[in-house]
Amino acid sequence: MELTPQTTLRNYLLVALLELEGTAHKQAVLTRMNERFGKRFTDVDWLPQDSNGEPKWQNQTAWERNTMVAEGLLERYVAGVTVRGVWTLTDAGRTAARHASRRT
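21 is the number of the first residue of the sequence shown in our numbering; add one for each residue after it.
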């Protein structure tokens, strides 16, 4: 069995953030993803990440979040302007989230 593909995690992340009104702390997003999609994760997804002990799907989601920031789907952290650990959809991210919600 393999890890859930990054594209799938991206869709789950987008849907979770949309359901959380477009912005939420990382842990709230991961909790929503688990509530909605946790049964779809593979056994490998639930194995602990060597570097920090968190489930692999959570670690992979955080990496996907970085990619989504670079692509303009999520807001970038800006010291003194935004709150560290809060993930927020951009306008482009909201559009992508609406499309993802129809597919998942």
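Note that CB positions come from ideal geometry on N, CA and C, so glycine has one too.
Assuming residue i contacts residue j (C-beta within less than 8 Å), just tell me the rounded distance between them.
i, j, result
"K46", "G105", "5 Å"
"A117", "L37", "6 Å"
What residue range does the alpha helix (DSSP H) around residue i cover?
i, result
"A36", "Q26 to E39"
"N79", "K76 to A90"
"G113", "D111 to R123"
Note the first and the last residue of the continuous beta strand (DSSP E) segment covering residue i.
i, result
"A44", "T43 to H45"
"G103", "For the sequence presented, residue 103 should be read as Val rather than Gly. Taken as a continuous stretch (DSSP letters only), V103 belongs to no beta strand (DSSP E), as it is neither H nor E."
Can you check whether the CB of residue j is closer than 8 Å to the CB of residue i?
i, j, result
"L109", "G42", "yes"
"T24", "W77", "yes"
"R56", "L40", "no"
"W107", "R122", "no"
Between the options, which lies nearest to residue i when the distance is taken from Cα to Cα?
i, options, result
"V103", "T24, E39, G113 and A44", "A44"
"D63", "V98, E95 and E22", "E22"
Is the beta carbon of residue i within less than 7 Å of some heavy atom of the ligand GDP?
i, result
"T124", "The model on display carries no ligand, and the ligand GDP is accordingly not part of it."
Exercise for the section: Pair every Cβ in the segment 28-37 with every Cβ in the segment 77-85, then say whether three or more of these pairs are closer than 8 Å. Expected result: yes
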